[in-house]
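Going down the list, the protein sequences come from chains A and B. The numbering used here numbers the first residue of the first sequence as 393 and each following residue consecutively. The numbering used here numbers the first residue of the second sequence as 205 and each following residue consecutively. Read the structure below first, then the notes.
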Amino acid sequence: MSAPHGPVAAGGAPLQADGAALPAAAVVDAPPPPARRRGATRRMLRSPLGVVVLVGVLWFSAAFLVMPNATLLLATFVPDGRLSLSAFERLLSSERALRSLGNSVLLAATLAVTVNVVGVFIVLVTGWFRMRARRVLWLGYATTFVYGGIVLAAGYSFIYGRYGFVTNALAQWWPDLDRDWFSGFAAVVAVMTFATTTNHMLFLSAALAGIDHQAIEAARLMGASTATILRRIVIPALRPMLFAVTVLTFLTGLGALTAPLVLGGEDFQTVAPMILTFARSSSSRDVAALLAILLGLATIVLLALMNRVERGGTYFAVAKVAVPITPQPFQTRWGSVVVHVLAWALWAVYVFPVLCAVAFSFVDARAIMSGSITAADLTTDHWVGVLTSADALGPFVVSVVYSGLASAAVVLGLLLVARALTRWRGWLSSLLEYVLHIPWILPTILIALGLVMTFDRPRLLVGGQVLTGTVVLLGIAYVIVKIPFTLRLLKAAFAAVPDELEDAARILGAGQLTTIRRVVVPVIAPTMAAVAALNFTSLLDDYDAAVFLYHPLFEPLGIAIKRSTEGEANVQSMGITFVYTVLLMVVQGLVLWLVYGRRGAGARRRG
Amino acid sequence: MIRFDALRVSFDDHVALQGLDLDIGEGEFFTLLGPSGCGKTTALRSLAGFVEPTSGTLHIDGRDVTRVPSERRGVGMVFQSYALFPSMSVRENIAFGLSVQRVPRDEQRRRVDEVAAQVGLRPQQLTRGVAELSGGQQQRVAIARALVLQPRILLLDEPLSNLDAKLRVQLRGELQRLQREVGITTVYVTHDQEEALALSDRIAVLSEGRLEQVGTPREIYEQPASAFVCDFIGEATHLSAEQRAALAGAGVDAGRDAWVRPEHVSVTAADDRDPAESGSGDLPAVVLSCAYRGSTTLVELEAAGARLLASVPSAEAARVEVGDRVRARVEVSAVHQYGAAA
């Protein structure tokens, strides 16, 4: 489920369109960008820190943000040093490629509807209606925070796929069952619909919570029914956020990689898997690059549209003292029954694969294959295997090391950059910021393909080294894809540090670095830790970048999981994949709890 | 001690200070007073070195400090938000400047203890986090942090504005006592005229980046140099053309802008036959409202078709009621007149 990295929703909070767990955005409310200051660029160039940051950013941007994209464009349109549209011609003559384009648009459009229907329903039952066991419902729907991407696609495949447990169980009762019943367009739509409601849960819920309860009470006093209030007050207030999450959903559908790859089957392949296929052969790389460019262009256009729509109108609460909304009672008993039944049925859909993953990690793979599990099939072999065998644990360790190093590098590297951009707000810092946001508008696979094609020969900017095929390039890709998200949140964190605090340190004699080290960093340290942790978890099960860039001897988790879904021969590794899944859910759940849960608990205690 | 010499500060198209000329004496408690956006904080931040003047110079002790970095100006500052470092304890906050200067730890400890006692912080409060302190205590920490480096000048940027009214009055007194004890030259910024009048040796009133008047609190209040100062400091009624015409016989120049403070207007019964005293003018009036203020009552009158305020002893005010016809007696010698009438 490839996606752009951290678009911005209404209100300035960066969004992550990834269906996988990345609710990071709401960590900090980014204040509006302050106006440029006259002479800021001059002051930046006079400061040693400013110059160091400038040189560092220019080098990194030139080497890893601009050059790969330029290479991609050149390889596509100027393949032999001459302008050529041969890539276009080959694309137009390839039925598979054209069909994949059509499929991507169809998937994106369908998801824009289905995800909104399910997402809005979830937001209403968890935030608007007075539901029984609302918190349990929420937890069930929130499983997508810790269960997404390749892991989720593999999980669905193991449960409903050709060799899945449910398919096998059904086949016992219905021998003529088409074992590929859960495959193709419908399966991809179903899986992605349930996997990508994360944005609704994060941002639409937040928008709903931001509605002033007194406005609702006022409407009620004037005789409005719950339906009227929803239609006339609540939905209009949510409209910009709905638009934002719709665009993000559309983009997620357009760039979808893992779900079509695992569950699409022969008949339903989309652009991203096609790029992967074409990229594998040097003779069709230009078509892969062209498809990636088209995907990137669609992303840019849609994000630009989203930003434009966001700018118009005031949608946030204008109340001086907004009162938080409280759950609304149902007006009729049958309404309550219908909504409760639907909500819990949906809850079961969300929770079933997660429970299966946990349970199946303790079950012999042959029993899962047979579709019938007894107490005798329970085993801890998978766990023992993963935790004691270097081979089995290998992918997990590789992913932990890559994710850990990349998330630490991107946070530490951008610390001074974010500081410089916040401090010297001139034309130069604006330019640097735009350049650093390039990965924000490009799908991961385009970035990865650009890197592969750029660094397959010695490049001066990286000391004349060839990076393609080395262990370094995947780490660099991880750093790149996390730059926009990290930069936005670090900038917001710096902006939230009162100027007076730095002035106070300065007037007491502290130099710039002392001020940063002793005053500013301790203040923004929680944000730094949160961003690093969220980057870490979101990279752990990455597939989109890894599939282009991984080193065969250091196979990351996403690749290992994907391979376990490929045909019956690999099904034996299913048990290990379930162990990985549980481990990932535990790590991601723990990180989310550390970032959000404790703060919530603290707030409740203080409250 | 401090001299602002034609200091001008502009931000893009906005001119925050339009050539400020000001002298502040050693040991003085000097207040920059004015409404929001008048340039008082810009003047203070220029003095601190946080704002680079567009033109003009700044001198401290005869030394041109216009381009000297903040930390080398010998000034301490208490910020409006106090700007305490949230990750540090009270002691660490106060000692921050000393540790930056690499003062030995024993010396740091001694000086922190000393200044903490001076500002009224108890030893056990020094180990606490700053978030655990009340607003008043935080303010003491901020003052201690500014004083511990023994600056020649203390800058205070609306330090009382975050406190409740009662604590504000209490800390105002303590601030004054501390300033006298330490004898430090203090530049204080506020928009609260009552605070400025109570604390200052001298006040500079600013408006729209320009200096309106410099003087002692008494001079500022009793001899306001401009209509703005008269209106901004204390209460005053802007006399209408009709009111000025009615008082012209008593000596008011009807062709010029005129203001009178409520304490220079008295109220007598409508049938009072006593002629107006020399230098006073009578106007028939109707009582619109009475606002009891303890020893005095502010009576709002309608006289010559416009509003007129009178501050009268509450005992006298008890004899009039809303709607009563009375006579408003204006002390013409206390009427402030400026330029031509608007």
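Using N, Cα and C, we set each Cβ at its ideal position, and we do this for glycine too.
Residue i at chain A interface by Cβ criterion, 7 angstroms
i: GLN305 of chain B; result: yes
i: SER499 of chain B; result: no
i: ALA287 of chain B; result: yes
i: GLY301 of chain B; result: yes
i: SER291 of chain B; result: yes
i: MET205 of chain B; result: no
i: PHE234 of chain B; result: no
i: PHE436 of chain B; result: no
i: PHE432 of chain B; result: no
i: ARG531 of chain B; result: no
Identity of the residues DSSP links to residue i by a beta bridge
i: GLY647 of chain A; result: In DSSP, GLY647 of chain A forms no bridge with anything.
i: CYS748 of chain A; result: In the DSSP output, where bridge partners are listed per residue, CYS748 of chain A has none listed.
i: ILE206 of chain B; result: B:ILE228 and B:ILE264
i: GLN723 of chain A; result: GLN723 of chain A pairs with nothing; no bridge assigned.
i: ALA616 of chain A; result: Note: ALA616 of chain A sits in no beta bridge, so no partner.
i: VAL743 of chain A; result: Partner(s): none; VAL743 of chain A has no beta bridge.
i: GLU535 of chain B; result: B:SER484
i: PHE940 of chain A; result: Per DSSP, none; premise fails for PHE940 of chain A.
i: GLN342 of chain B; result: Paired residue(s): none; GLN342 of chain B is not in a bridge.
i: HIS605 of chain A; result: DSSP output for HIS605 of chain A lists no bridge partner at all.
i: ALA507 of chain B; result: B:ALA489 and B:ALA510
Contact list for residue i against chain A, beta-carbon separation under 9 angstroms
i: ALA522 of chain B; result: Within chain A, no residue comes near ALA522 of chain B; the closest Cβ sits about 39 angstroms away, beyond 9 angstroms.
Residue i versus residue j: straight-line alpha-carbon distance, rounded
i: TRP588 of chain A; j: GLY541 of chain A; result: The amino acid at residue 588 of chain A is misidentified as Trp; the sequence shows Thr. Spanning the two alpha carbons is a distance of roughly 10 angstroms.
i: SER537 of chain B; j: ALA519 of chain B; result: 25 angstroms
i: PRO355 of chain B; j: GLU275 of chain B; result: 10 angstroms
i: ILE627 of chain A; j: GLY727 of chain A; result: 19 angstroms
i: ILE407 of chain B; j: LEU224 of chain B; result: 14 angstroms
i: ILE717 of chain A; j: ALA884 of chain A; result: 27 angstroms
i: SER214 of chain B; j: GLY253 of chain B; result: 15 angstroms
i: GLY981 of chain A; j: TRP775 of chain A; result: 19 angstroms
i: PHE521 of chain A; j: GLY656 of chain A; result: 36 angstroms
i: LEU734 of chain A; j: LEU882 of chain A; result: 41 angstroms
i: GLY494 of chain A; j: ARG815 of chain A; result: 46 angstroms
i: LEU446 of chain A; j: VAL458 of chain A; result: 16 angstroms
i: CYS494 of chain B; j: GLU416 of chain B; result: 32 angstroms
i: VAL701 of chain A; j: PHE642 of chain A; result: 16 angstroms
i: GLY324 of chain B; j: ASP361 of chain B; result: 20 angstroms
i: ALA684 of chain A; j: VAL663 of chain A; result: 8 angstroms
i: ALA522 of chain B; j: ARG529 of chain B; result: 14 angstroms
Min CB distance residue i to chain B below 7 angstroms
i: PRO914 of chain A; result: yes
i: ILE603 of chain A; result: no
i: LEU900 of chain A; result: yes
i: VAL911 of chain A; result: yes
i: VAL923 of chain A; result: no
Where residue i meets chain B, residues with beta-carbon distance less than 9 angstroms
i: THR906 of chain A; result: VAL304
Proximal residues of chain A, C-beta to C-beta of residue i below 8 angstroms
i: ALA320 of chain B; result: None at all; the shortest Cβ gap to chain A is about 16 angstroms.
Within chain A, partners of residue i - CB distance below 7 angstroms
i: PHE208 of chain B; result: Neighbours of PHE208 of chain B on chain A: none; closest Cβ ~19 angstroms, over 7 angstroms.
i: LEU353 of chain B; result: LEU900
- At a Cβ cut of 7 angstroms, what residues of the segment 881 to 896 of chain A count as close to chain B, listed as they run along the chain? PRO890, GLU892, LEU893, ASP895 and ALA896
- Message: Beta carbons nearer than 9 angstroms to chain A: which residues of the segment 266 to 278 of chain B have them?
- Response: PRO273, SER274, GLU275, ARG276 and ARG277
- Listed in chain order, which residues of the segment 250 to 261 of chain B have Cβ atoms closer than 9 angstroms to some Cβ of chain A? ALA252, GLY253, PHE254 and GLU256
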